[in-house]
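Residue numbers (full-length UniProt numbering): 1 to 273.
For glycine and all other residues, C-beta sits at the position ideal for the given N, C-alpha and C.
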């Protein structure tokens, strides 16, 4: 999308770089919340789909990620990241007062978005979670039990069945290709507990997307968190889409046209309700 704009905000831990994909006459605002080690620029295709659907789209690079300030991939408190995302929402609402606000969070962004919905759910019209890190995610505990965090970066092949996705990820200089860092793992563990104990999001419509071959954030562990977040997984408030054979990044999977159709169909139902 050639008309993308850039903003720089004062975040909780330094400057925050924000992407905007504007729309001349939007009917809603979509806020994209990216995952661990990556950046919002990887969501240009998602932004394009949402833009064609009628959204003005905003997406920050989180602290320590992409072009935002901070030591690379270090997040000592995810509450600060939630506060940063809320600042981006304020930016979007100032530009588009009165429009519905939809939050779309992937992976670590699903954890951030879930906590956002617990803190600011009254401001949201819908929540979309893609491969969310909530519920029973065992990786932080396993790594924190070690004396030294192994230098084992995320495998590009675990992202999508489309080899071009892994190749682009491996070549992206704004993606972190090193080991996870202990402060971030500790923050993950704390925030998983915080979200588990933070209550459900009431009547907020939630769409949960997950690949059943997601080896980074296994589906069964996320299901625990999604059900709890949605007050028992009520069909009236939770829409679930599980994709056979799909890996972690369903927005970049070989069946992403199906995924995008599920997202826009869900939003049509919510926005016209």
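CB contact flag (residue i, residue j, <7 Å)
i	j	result
residue 250	residue 211	yes
residue 61	residue 39	yes
residue 187	residue 76	yes
residue 59	residue 91	no
residue 252	residue 165	yes
residue 96	residue 201	no
C-alpha distance - residue i paired with residue j, whole-angstrom precision
i	j	result
residue 259	residue 65	26 Å
residue 203	residue 138	29 Å
residue 221	residue 178	25 Å
residue 241	residue 207	8 Å
residue 98	residue 123	10 Å
residue 185	residue 120	25 Å
residue 27	residue 78	30 Å
For residue i, the nearest candidate out of the options (CA to CA)
i	options	result
residue 110	217, 185, 197	217
residue 176	18, 37, 15, 13	37
residue 209	196, 246, 191, 197	246
residue 257	180, 48, 166, 33	48
residue 18	50, 29, 67, 3	67
residue 171	29, 32, 42	42
residue 160	121, 255, 74	255
residue 135	50, 168, 232	232
residue 277	269, 174, 168, 265	For residue 277 there is no data in the structure shown, the boundaries of the chain being 1 and 273.
Bridge partners - residue i, DSSP secondary structure assignment
i	result
residue 31	58, 103
residue 275	Given that the chain is displayed from residue 1 to residue 273, the structure contains no residue 275 and the question cannot be resolved.
Residue i CB to nearest heavy atom of the ligand COA below 6 Å
i	result
residue 206	In the structure shown, the ligand COA is absent, as is every other ligand, since no ligand is present at all.
message = Is it the case that the region 237-245 contacts the region 149-160, given that we only count it when at least three CB pairs across the two stretches are under 8 Å?
response = no
Can at least three beta-carbon pairs, one atom from the region 23-31 and one from the region 156-170, be found at a separation below 8 Å? no
Q) Would you call the region 99-106 and the region 122-132 in contact, with 3 or more CB pairs under 8 Å? A) yes
Sufficient close CB pairs (3 or more, under 8 Å) joining the region 73-90 to the region 6-13: yes
### Task
May I ask you to verify whether the region 191-198 touches the region 220-234, counting CB pairs closer than 8 Å and requiring at least 3?
yes
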